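In my numbering, the protein residues as written are 24 to 953.
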């Protein structure tokens with residue numbers, strides 16, 4: 024064994040300094056370069072923004088440490104990892120583990136501080152790149168870094184039953200914890216939306232129907248509690264929930280989620296529908312309990328295994344999930360060939376060299392399973408680049424009516440090229456995109472690939488376009504097709520192909536819109552894919568570390584399967600169209616959000632929209648409201664998360680509207696201004712344009728739209744288009760406001776989720792916490808950890824232990840709060856109270872300059888509200904009065920109040936600071952209108 028080359032102290036300090044400089048340069052490279060002040064004619068565009076680190080762009084995926092060995096991996100195909108090198112941490116001798124064909128990086132050297140390597144392909148090939156050595160820990164005996172919270176060992180014991188001297192198991196665990204965090208956010212939002220749909224006036228803040236619902240009771244017990252052996256108290260709670268459940272059904276607002284009560288007198292069918300809805304809500308409630316409370320001591324409620332429990336209630340939950348998934352697959356699979364015969368016929372005629380049966384199977388894969396989205400690049404972007412540069416004729420107006428069909432066929436040909444014919448070209452494209460550093464580089468790579476494809480597919484694209492006329496499509500549609508649906512029997516999916524965890528995720532998508540579905544599934548797929556790769560590395564003969572999960576986490580042994588299943592779920596899930604039975608309710612909400620009186624009767628709605636009348640040309644207003652309000656996903660989002668009347672009230676606040684408009688790019692404002700204003704002055708300033716649009720939103724009224732003609736011509740058509748633009752702008756501005764506040768709230772939901780989890784972990788190692796309950800005082804964890812540091816005891820929390828100044832600040836914030844205040848704060852976060860009470864307090868805010876400031880001002884008003892405090896006599900009146908006085912004096916949020924409320928999160932100082940200091944809060948998460 025070679026002798027370890029120990030550095031002298033001065034050399035070590037210099038190497039450490041260089042490493043810090045490299046890290047700082049890396050961080051700075053990720054920032055948007057500033058533009059120096061120049062005369063207008065001399066201003067140049069900034070350098071392209073760097074999107075990823077040079078280490079990742081060069082192909083290094085991870086550095087894993089296990090005892091005295093370090094393992095370096097690179098990016099392989101897709102998200103797979105290539106095990107490149109093993110390095111001995113004692114002497115830094117390296118052993119190459121990858122083959123010549125699979126290797127992506129060249130390791131040049133390792134010392135105590137730095138690792139030097141270069142890429143073999145693409146990004147700055149051969150150029151040496153430095154990254155820090157994760158095994159260098161001054162003064163620590165183990166080469167493996169301990170986490171700052173001091174919970175690494177407890178997490179390893181919870182997930183694997185023992186501790187490890189490596190950083191591999193904890194990285195895998197963090198991916199699982201990320202899954203729980205993302206589920207905490209989405210399930211909290213779903214529970215809030217369902218509660219919000221009840222719409223009980225005057226008691227919304229305290230009416231948490233979904234909060235008490237979980238998969239504890241069968242539907243029979245839920246509907247017949249007196250026939251059970253439960254206590255009288257529990258029976259009473261069930262009856263309250265049943266009453267609210269029936270009230271929710273009666274509102275018809277579940278129709279917003281596409282849940283349609285069957286139109287039948289068959290009581291069995293009606294009862295089956297109600298039973299399905301009950302179990303859907305019960306599963307949502309159960310997941311919420313799992314991710315919002317530490318239930319590690321109750322194995323029945325393990326998030327990843329409760330659905331497989333043998334109890335009758337869970338069996339009936341599984342039957343509901345099977346029904347929902349099979350219903351979706353049946354709607355996709357039924358008559359697939361017949362329903363797509365026009366496109367299939369064209370493709371069979373065009374794709375020489377492919378068997379007809381093979382084309383049909385590939386087309387099913389393309390339409391249903393959407394394997395094109397798993398290629399690692401965008402087929403759509405390639406086609407767009409081809410047409411932008413070379414295919415001008417395909418953008419002609421003559422193709423407008425068939426454009427969707429034409430583009431779908433073009434995309435399918437490109438998909439087959441990479442999926443079947445030229446797999447190597449697809450892998451090479453993925454590698455080039457991975458090595459790209461900026462969006463500009465990516466655009467150039469797509470452009471180069473499009474140029475290659477154009478010569479190959481020009482004739483095929485011309486052929487497709489030639490068939491894009493009504494006569495040809497009609498002829499193909501009427502022709503018989505001699506293919507049996509059995510061709511697809513091996514391809515078609517059904518509920519039995521999915522694990523119940525995947526089915527639960529599919530069920531959650533019933534309550535989400537398209538963007539939420541995509542974000543949730545994309546994140547889950549990424550995390551399960553990462554977990555799968557960790558298992559591959561851990562089981563590799565070179566690494567060979569133990570990876571036996573404890574009982575509650577056995578599901579992750581099937582991470583590869585779940586990754587594949589979630590791809591399918593992502594492709595079959597979609598925002599459902601509102602149910603027809605909800606139309607009257609939706610018309611009421613639509614008219615209310617446009618400014619009609621809140622207490623309008625059903626008969627009056629029918630009269631205004633002529634819902635009960637029949638005849639040609641009399642339903643113009645009804646159709647206009649349907650097309651421009653009810654069918655808008657933004658309207659549906661606002662009703663789910665807010666309230667039509669309250670949205671109208673918030674829109675009357677010109678300061679708030681101006682703030683939201685300020686986040687919309689000038690080019691988009693120009694278009695809105697031109698479309699919405701009857702006599703636009705395009706030479707006016709952007710500020711003036713925004714003010715005029717804000718006034719239009721403030722003064723919007725149903726009276727402005729009641730005379731709009733749906734079948735309009737000339738000036739009437741111009742007026743109709745202007746009315747459509749005004750409604751679109753109004754809904755967009757209100758959507759951006761509510762959506763951003765929901766996103767801000769999500770950060771605090773994650774913090775509460777982590778607090779619950781970490782409290783359970785700390786209880787295992789801190790005796791002082793053993794008898795404490797978090798719900799009695801949410802400050803108890805931060806308070807106890809601070810006291811351990813102050814008393815000189817051995818605190819496991821290094822954030823507080825190593826930073827006395829910040830610890831003292833946290834202690835001040837803890838003392839500025841009390842148990843009632845922080846409990847109320849926690850409940851307000853859990854129930855999205857800021858969104859619910861926005862209309863009540865937003866009018867009092869003096870300056871609106873960030874969503875953070877809006878959120879905390881409304882939050883602080885909710886917490887200090889007299890009607891809420893009257894119900895809790897434990898509030899410190901002095902603290903309440905002090906903060907309340909500041910709120911009314913400043914008409915804005917109080918910074919010290921934010922820190923006091925966030926003091927339960929003080930044990931994790933970085934999170935505490937990011938959630939408490941506006942300048943550190945991640946503004947990149949805010950939405951803008953693109």
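Just so you know, even glycine gets a beta-carbon here, dropped at the ideal spot from N, CA and C.
Note that the structure is predicted; figures quoted are calculated from it, not measured.
Item	Value
7 Å CB neighbourhood of residue 436 in its chain, flanking five on each side removed	480, 483
Straight-line Cα distance separating residue 357 from residue 516	11 Å
Simplified DSSP assignment, three categories, for residue 733	coil
Contact belief for residue 729 with residue 743 at Cβ below 8 Å, rounded distance in angstroms	Actually they are not in contact, since the Cβ atoms of residue 729 and residue 743 sit about 12 Å apart, beyond 8 Å.
Beta-carbon gap between residue 359 and residue 377 smaller than 8 Å	no
Three-pair Cβ contact test at 8 Å for the segment 562-577 versus the segment 611-631	no
Chain-order list of residues whose beta-carbon lies under 8 Å from that of residue 780 (same chain, five-residue window excluded)	200, 203, 317
Residue 617 and residue 723 closer than 8 Å at C-beta	yes
Same chain, Cβ closer than 6 Å to residue 184, five either side skipped, listed in chain order	573
The segment 849-864 contacting the segment 938-945, beta-carbon criterion three pairs below 8 Å	no
Nearest to residue 586 (by Cα), restricted to the options 325, 525, 678	525
Inter-residue spacing [alpha-carbon to alpha-carbon] between residue 289 and residue 299	16 Å
Cβ-based neighbour list, residue 937, same chain, cut-off 6 Å, excluding 5 preceding and 5 following	943
Three-state secondary structure (DSSP) of residue 129	strand
Spatial neighbours of residue 679 in its chain, beta-carbon cut-off 7 Å, leaving aside the 5 residues before and after	673, 760, 865, 871
Local conformation of residue 598 per DSSP, three classes	coil
Cross-strand partners of residue 109 (DSSP beta bridge)	94, 118
8 Å contact criterion, which residue 764 and residue 696 should meet: CB distance rounded	The pair is not a contact, with the Cβ atoms about 26 Å apart (cut-off 8 Å).
Sequence-distant residues of the same chain with beta carbon closer than 6 Å to residue 791, five excluded per side	807
Where residue 233 falls: helix, strand or coil (DSSP)	helix
Residue 363 beta carbon less than 8 Å from that of residue 432	no
C-beta contact flag for residue 557 and residue 191 at 8 Å	yes
Counterpart residues of residue 88 in DSSP-defined beta bridges	93
One or two residues paired with residue 615 in a DSSP bridge	Its beta-bridge partners do not exist; DSSP assigns none.
CA-to-CA distance, residue 845 to residue 258, given in whole angstroms	31 Å
Delimiting residues of the beta strand (DSSP E) encompassing residue 138	137-142
Buried versus exposed, by CB contacts within 10 Å (16 or more), residue 657	buried
Identified DSSP bridge partners for residue 104	98
Straight-line Cα distance separating residue 622 from residue 552	51 Å
Member of 210, 178, 206 whose CA lies at the smallest distance from the CA of residue 197	178
Distance between residue 309 and residue 181 (C-alpha atoms, nearest Å)	21 Å
8 Å CB neighbourhood of residue 964 in its chain, flanking five on each side removed	In the structure as shown, the chain starts at 24 and stops at 953, and residue 964 therefore has no counterpart that could be examined.
Extent of the continuous beta strand (DSSP E) to which residue 241 belongs	Run containing residue 241: none; DSSP gives neither H nor E here.
Continuous alpha helix (DSSP H) stretch holding residue 692: start and end	689-699
Cα-Cα separation, residue 518 to residue 734	45 Å
Whether residue 869 touches residue 915 by CB criterion (8 Å)	yes
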